[in-house]
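J.:
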Amino acid sequence: MSRPEIRVQDLHKSFGDNHVLRGIDLEIGQGEVVCVIGPSGSGKSTLLRCVNLLEEPTKGQVFVGGTEITDPDVDIDAVRRRIGMVFQQFNLFPHLNVTENLTLPQRRVLRRDKAEAAKIAAENLARVGLSEKADAYPSSLSGGQQQRVAIARALAMGPEVMLFDEPTSALDPELVGDVLAVMRRLATEGMTMMVVTHEMTFAREVADRVVFMDGGVIVEEGSPDQVIGSPRHERTRHFLSRLLDPAMAEVEEETSDQVGKSES
Ligand SMILES: Nc1ncnc2c1ncn2[C@@H]1O[C@H](COP(=O)(O)OP(=O)(O)OP(=O)(O)O)[C@@H](O)[C@H]1O
Ligand SMILES: [Mg+2]
1 MSRPEIRVQD LHKSFGDNHV LRGIDLEIGQ GEVVCVIGPS GSGKSTLLRC VNLLEEPTKG
61 QVFVGGTEIT DPDVDIDAVR RRIGMVFQQF NLFPHLNVTE NLTLPQRRVL RRDKAEAAKI
121 AAENLARVGL SEKADAYPSS LSGGQQQRVA IARALAMGPE VMLFDEPTSA LDPELVGDVL
181 AVMRRLATEG MTMMVVTHEM TFAREVADRV VFMDGGVIVE EGSPDQVIGS PRHERTRHFL
241 SRLLDPAMAE VEEETSDQVG KSES
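Mapping of the sequence shown onto UniProt numbering: position 220 corresponds to residue 220, and the numbering continues sequentially without gaps.
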C-alpha cells in the first residue's frame, strides 16, 4: 500500500450504553478506494463520521495525511477542510443557485474571493458534468443532479479525501448511474475515497478493497472479488445473500442451516 492517507487505530464509539464501534483498525492508502458494506446498525455511518470528527471517538486514534485528528489540540475546522463528505441527503441551500451553493462554503471557510470561488465552482461543475446547470436552483434539478452538485461542492474545497455515506440510496434507480459514474471518474483521477454503499456492482468494479462490518467490528476485508465473490465468513455470506436476494434470505431465516449455501 502507498502511504496511508487515512489510518484508524483501535477506534471505539459509544452512545451511552450502546457500544457502537468496538475496535476498528483500518488503513486507506493514498488514491485507494475502499467500500464499506454491512447491515443496518453495524456502525458504518458512525465510522465515517468519526473519520470526519462529526462524532468524537470514545477511544482510539484517527490520522489523516499523517496528522492525528483525534489529538485534542487539533484545529477541527482545518481537519474538516481536508475531508470532503457526501451524504445520502444532498443538503443544498434551496434559496441559492448551483454556483452560489458551490461558492458560499469556499468564501466562508476558505476565504476565497468571489472571482476565484466562481472559477473553482465552474471547474468542479464541469467535473460532474453539470456546467449547464450553473444558474439553476436545486428544486429544478433531479435527485441525481442535486447529488452531483453536492459532490462538486465538496470537491471545490480541494479535499485530500472524500467520504461518501450511501450517496445513491435516496435516488430513483434510473438516477443512480450518473452519480456512480462521477464517483468512478474521481476514483480514476486518484482521489482517496471511503464509500459506504449497497451498490455491489460499483464496489466490485471500483473498489480496491471492500470492508465488511457487522456489530461494530470489521469482520473481513479484502479485494472485492474475495469479499463479495467468495466471502470467508458466515456473517458476510449471510449479509450478501440477503442483499442479492431478499426473498431467498427469508427462506434462509426459516431454515437457518441452509444459510450461506445458496451463494453463486
Ligand atoms: N447520534 C447518535 N446518538 C445515539 N445513537 C446513535 C447515533 N448515531 C448512531 N447511533 C446508533 O449507533 C448504531 C450504529 O448506527 P450507524 O448509523 O452507524 O449504522 P449504519 O451501519 O450506518 O446503519 P445504516 O445502514 O442503517 O445506515 C445504531 O444502533 C444507532 O442507533
Ligand atoms: Mg448509515
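Just so it is clear, CB atoms sit at the ideal spot from N, CA and C, and this is done for glycine as well.
(1) Helix, strand or coil for E189, going by three-state DSSP, please let me know.
(2) Which residue marks the beginning of the alpha helix (DSSP H) containing Q145, and which one marks its end?
(3) Between R209 and L186, what straight-line distance do the alpha-carbon atoms span, to the nearest angstrom?
(4) Looking only at its chain, what residues have a beta carbon closer than 8 Å to the beta carbon of R107, apart from the 5 residues adjacent to it on each side?
(5) Check whether the Cβ of S45 lies closer than 6 Å to any heavy atom of ligand 2, and answer yes or no.
(6) Contact between the region 72-91 and the region 50-59: three or more CB pairs below 8 Å?
(7) So the candidates are V227, T197, R242, R111; which of them puts its Cα closest to the Cα of A168?
(8) According to DSSP, which residues form a beta bridge with S14?
(9) For C35, which of E234, L155, V206 has the nearest alpha-carbon?
(10) Determine the direct distance from the alpha carbon of K44 to that of L21, and round the result to whole angstroms.
(11) Buried or exposed: P224, going by 16 or more other Cβ atoms within 10 Å of its Cβ?
(12) If you count every other CB in all the chains shown that lies within 10 Å of the CB of F15, and 16 or more means buried, which is it?
(13) Hey, would you say V211 sits closer than 7 Å to E199, going by beta carbons?
(14) Between which two residues does the alpha helix (DSSP H) harbouring V62 extend?
(15) Is M40 near ligand 1, going by C-beta to nearest heavy atom under 6 Å?
(16) Quick one: what's M162 bridged to in DSSP?
(17) List the whole-angstrom C-beta distance separating T99 from A121, where the pair is believed to meet the contact cut-off of C-beta under 8 Å.
(18) Please go through the same chain and pick out, in chain order, the residues whose beta-carbon is closer than 6 Å to the beta-carbon of D178, but skip the five residues on each side of it.
(19) So if DSSP puts P4 in a beta bridge, which residue, or which two residues, is it bridged to?
(20) How long is the line joining the alpha carbons of D71 and V64, rounded to whole angstroms?
(21) Taking the C-alpha atoms as reference points, what is the distance between R242 and L110?
(22) May I ask you to check if the CB of V20 is nearer than 6 Å to at least one heavy atom of ligand 1?
(23) Grab me the residues of G38's own chain with a C-beta within less than 6 Å of its C-beta, minus the 5 sequence neighbours each way, in chain order.
(24) According to DSSP, simplified to helix, strand and coil, what is G222?
(25) Between the Cα of I24 and those of D17, V33, D10, E32, spot the shortest distance and give me the residue it belongs to.
(26) Going by DSSP, what residue range makes up the alpha helix (DSSP H) through V109?
T.: On the basis of the coordinates in this document:
(1) Walking along the sequence shown from the start, residue 189 turns up at place 189. Correct three-state label for E189: coil.
(2) Position 145 of the sequence shown, counting from 1, holds the residue named residue 145. Per DSSP, Q145 belongs to the alpha helix (DSSP H) from 143-155.
(3) Stepping through the sequence shown from its first residue, residue 209 is reached at position 209. Stepping through the sequence shown from its first residue, residue 186 is reached at position 186. Cα to Cα, the separation comes out at about 16 Å.
(4) In the sequence shown, counting from the first residue as 1, residue 107 sits at position 107. These residues qualify, in order along the chain: D113, K114, A117.
(5) For the purposes of this step, residue 45 is identified with residue 45 of the sequence shown, where counting begins at 1. At least one heavy atom of ligand 2 is nearer than 6 Å to the Cβ of S45, so yes.
(6) yes
(7) Taking the first residue of the sequence shown as position 1, residue 168 is located at position 168. In the sequence on display, residue 168 carries Thr and not Ala. Of the candidates V227, T197, R242, R111, the one whose C-alpha sits nearest the C-alpha of T168 is T197.
(8) Translated into the one-based positions of the sequence shown, residue 14 becomes position 14. DSSP, once it has assigned bridges, lists H19 as partnering S14.
(9) Counting from one through the sequence shown, the residue named residue 35 turns up at place 35. Answer by Cα proximity: V206.
(10) By 1-based counting over the sequence shown, the position of residue 21 is 21. By 1-based counting over the sequence shown, the position of residue 44 is 44. Their backbone Cα atoms lie some 9 Å apart in a straight line.
(11) Translated into positions along the sequence shown, residue 224 becomes position 224. By the 10 Å Cβ count, P224 comes out buried.
(12) Stepping through the sequence shown from its first residue, residue 15 is reached at position 15. That one is exposed.
(13) Start at 1 with the first residue of the sequence shown, and residue 211 comes out as number 211. Start at 1 with the first residue of the sequence shown, and residue 199 comes out as number 199. Not a contact, by the Cβ cut-off of 7 Å.
(14) As a position in the sequence shown, residue 62 is number 62, starting the count at 1. DSSP places V62 in no alpha helix (DSSP H) but in the uninterrupted beta strand (DSSP E) bounded by 59-64.
(15) As a position in the sequence shown, residue 40 is number 40, starting the count at 1. Looking at the sequence shown, residue 40 is not Met but Ser. Annotation for S40 indicates a beta carbon within 6 Å of some heavy atom of ligand 1.
(16) Position 162 of the sequence shown, counting from 1, holds the residue named residue 162. For M162, which the question treats as bridged, DSSP gives the partners G84, M193.
(17) Residue mapping note: residue 99 aligns to position 99 of the sequence shown, counting from 1. Residue mapping note: residue 121 aligns to position 121 of the sequence shown, counting from 1. That belief holds up - the Cβ atoms of T99 and A121 are roughly 5 Å apart, short of 8 Å.
(18) On the sequence shown, residue 178 is found 178 positions in, with the first residue counted as 1. These residues qualify, in order along the chain: G144.
(19) As a position in the sequence shown, residue 4 is number 4, starting the count at 1. Beta-bridge pairing links P4 to G29.
(20) Here the question's residue 71 lines up with position 71 in the sequence shown. Here the question's residue 64 lines up with position 64 in the sequence shown. So the alpha carbons of these two residues sit roughly 11 Å apart.
(21) Position 242 of the sequence shown, counting from 1, holds the residue named residue 242. Position 110 of the sequence shown, counting from 1, holds the residue named residue 110. Approximately 44 Å, taken between the alpha carbons.
(22) Against the sequence shown, residue 20 aligns to sequence position 20. Flag set: Cβ of V20 near ligand 1.
(23) Within the sequence shown, residue 38 is the residue found at index 38, counting from 1. The residues are K44, F212, M213, D214.
(24) Position 222 of the sequence shown, counted from the start, is the residue given in the question as residue 222. Here G222 sits in strand by DSSP.
(25) On the sequence shown, position 24 is the one that residue 24 refers to. Checking every option, the nearest Cα to that of I24 belongs to D10.
(26) Translated into the one-based positions of the sequence shown, residue 109 becomes position 109. Looking at the DSSP string, the run of the alpha helix (DSSP H) that includes V109 is 98-110.
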